[in-house]
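Per my numbering, the very first residue in the sequence shown carries number 238; after that it's consecutive.
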Amino acid sequence: MASTKVKLRPDKKGRANELAIYVQVCINGKVKLYPTGQKSKVELWDAKTQKIKKSPGDNNHVKLNMIIDKKHQQIKDIIIDETLKGNELSFDTLSKLLQADKVEELGFDYWFAKFYESQNLEFRNSTLKHYKVMKNQILNFCKRKDFQLSEIDYDFYNRFKNWLITEKLQSNSTVNKRLKTLKTFLKFCGNHGAFDVSKLASFQMLTEKPATKIALTEDELMSIYKYDFGGNARLNRVRDLFSFCCFTGLRESDVQNLKPANIQGDFLKLNIIKTSMDNGIPLNQHAKAILNKYENSLPRLSQQRLNMGIKEIGKIVGLDQEQVVVRFQGGKRIEEVVPRYELLSSHVGRRTFITISIAKGIPIPLIQSITGHKDLKSFQKYIKMNDQAKLDAMKLW
238 MASTKVKLRP DKKGRANELA IYVQVCINGK VKLYPTGQKS KVELWDAKTQ KIKKSPGDNN
298 HVKLNMIIDK KHQQIKDIII DETLKGNELS FDTLSKLLQA DKVEELGFDY WFAKFYESQN
358 LEFRNSTLKH YKVMKNQILN FCKRKDFQLS EIDYDFYNRF KNWLITEKLQ SNSTVNKRLK
418 TLKTFLKFCG NHGAFDVSKL ASFQMLTEKP ATKIALTEDE LMSIYKYDFG GNARLNRVRD
478 LFSFCCFTGL RESDVQNLKP ANIQGDFLKL NIIKTSMDNG IPLNQHAKAI LNKYENSLPR
538 LSQQRLNMGI KEIGKIVGLD QEQVVVRFQG GKRIEEVVPR YELLSSHVGR RTFITISIAK
598 GIPIPLIQSI TGHKDLKSFQ KYIKMNDQAK LDAMKLW
């Protein structure tokens, strides 16, 4: 008769000083370990009850123990069933029967639907869109409508990563976004006992190097803001929305979500969508003029239409200076020469606000309080000093 026991595996330590939890099966004096997909710190593991103990301020142990118990019971049920049938049990038989259960329960499509449903309650549409893109690219890579989660291993992960680079020609930063989303999904599956999360330790991201990003000079910004597109109402709306981003430092999502109630005197009072933090944004004369033009109800455009329109107005205004763009695909450095307007997007507005504000001598802590950046490291990514500022600085020599 086979025996089972749930235990920690000392040689499978994770980054958080946690040990992997396995079901130990003993058949005729031989032992094999089957992963539960869960981990526990040594001090939180109760070897007597074979369960995770409650940690202060955290009730997650209840859910994790249910997942572990389910895996343990699955193995015990197979052992009992085979014994009652009079079959001689072996590790090969046990592994095949466990895999047969997975085929019935753990399809990628099934678990992604569960994952998406759980995230739909917490995240906004732009984040959910990244999840759908990841799903479609995984299925495109596999050339199948569905597959088993057990197939996702070190080899699968690296082949998918290389496929994104060589077939989809994606930059390192874009590839890492897909891989990060995949890991988030697999951790969700692991929390439900559907994936062995110990595999994730070997799933490496690509090395990211700074990509080419731009910010407008004050002259470039004002040339857009003051340009009259005549009777083209669409381009006039694009100009005003983009200019408003530049004058306030707000993200496009927050600008599109503004309501008259957010406008309180010389300030915008709003809850930032990305961070869910309350903030007060002071309004300069140009931002006020745009709000007055639309009677405090700014026009709305989809992000895609807005970004396409921003490139269009940049071309019309004459932002056609050639610019060398550097990006990386794996270890390959790629340089392209594009007109400056091709690099424009709504997010350039936020970077422009920060860069011009610094050039005007506004203290960095004050700018951070307006943009909502909590730390200097993330803030510095937005700083793009223009050539004139650098030239003026060198004249001090």
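We treat Cβ as the ideally placed atom computed from N, Cα and C, and that holds for glycine.
Nonlocal neighbours in the same chain, by C-beta distance under 8 Å from residue i, ignoring five residues either side
i	result
residue 336	387
residue 608	486, 587, 590, 591, 616 and 619
residue 194	Absent from the structure is residue 194, since the part of the chain shown begins at 238 and ends at 634.
Bridge partners - residue i, DSSP secondary structure assignment
i	result
residue 257	246 and 276
residue 344	385
residue 506	517
residue 270	261
residue 501	504
residue 283	288
residue 240	263
residue 295	292
Residues near residue i in its chain [Cβ-Cβ closer than 7 Å; skip 5 each side]
i	result
residue 478	492, 535, 536, 538 and 543
residue 341	Confidence at residue 341 is low in this model, with a pLDDT of 46, below 50, so its placement is unreliable and the value that follows should be read with caution. Taken in chain order, the list of residues that qualify is empty.
residue 582	544 and 547
residue 494	510
residue 524	481, 484 and 485
residue 557	576, 577 and 578
residue 354	none
residue 309	241, 243 and 260
residue 497	533 and 534
residue 612	none
Contact under 8 Å by Cβ, residue i with residue j
i	j	result
residue 321	residue 264	no
residue 307	residue 427	no
residue 554	residue 464	yes
residue 288	residue 302	yes
residue 243	residue 262	no
residue 378	residue 400	yes
residue 595	residue 601	yes
residue 371	residue 415	yes
residue 391	residue 439	yes
residue 217	residue 476	The question about residue 217 has no answer here: the residues shown for the chain are numbered 238 through 634.
residue 382	residue 346	yes
residue 541	residue 489	no
residue 373	residue 365	no
residue 445	residue 395	no
6 Å Cβ shell around residue i - same chain, five flanking residues per side excluded
i	result
residue 507	499
residue 483	458, 586, 589 and 590
residue 564	408, 448 and 571
residue 298	289 and 291
residue 311	none
residue 257	246, 249, 276 and 435
residue 453	589
residue 425	352
residue 567	402
residue 605	616
residue 471	none
residue 334	315
residue 223	Residue coverage of the chain in this structure runs from 238 to 634, which leaves residue 223 outside it and unanswerable.
residue 405	none
residue 460	554
heavy atom of the ligand FMN below 7 Å from residue i C-beta
i	result
residue 365	Among the components of this structure there are no ligands whatsoever, and the ligand FMN is therefore not found.
Test: residue i CB closer than 8 Å to a CB of chain B
i	result
residue 302	Absence of chain B from the displayed structure is noted, only one protein chain being present.
In chain order, which continuous runs of the beta strand (DSSP E) of length 3 or greater are located wholly inside the segment 550-629? 559-566 and 569-576
Any contact between the segment 255-274 and the segment 430-439? By contact I mean 3 or more CB pairs, one from each, below 8 Å. yes
Curious, which full-length alpha helix (DSSP H) runs of at least 4 residues does the segment 434-472 contain? 455-462
Inter-stretch contact at 8 Å, needing at least 3 Cβ pairs: the segment 405-424 / the segment 514-534: no
Taking only runs that begin and end inside the segment 396-430, name each unbroken alpha helix (DSSP H) of 4 or more residues, in chain order. 409-428
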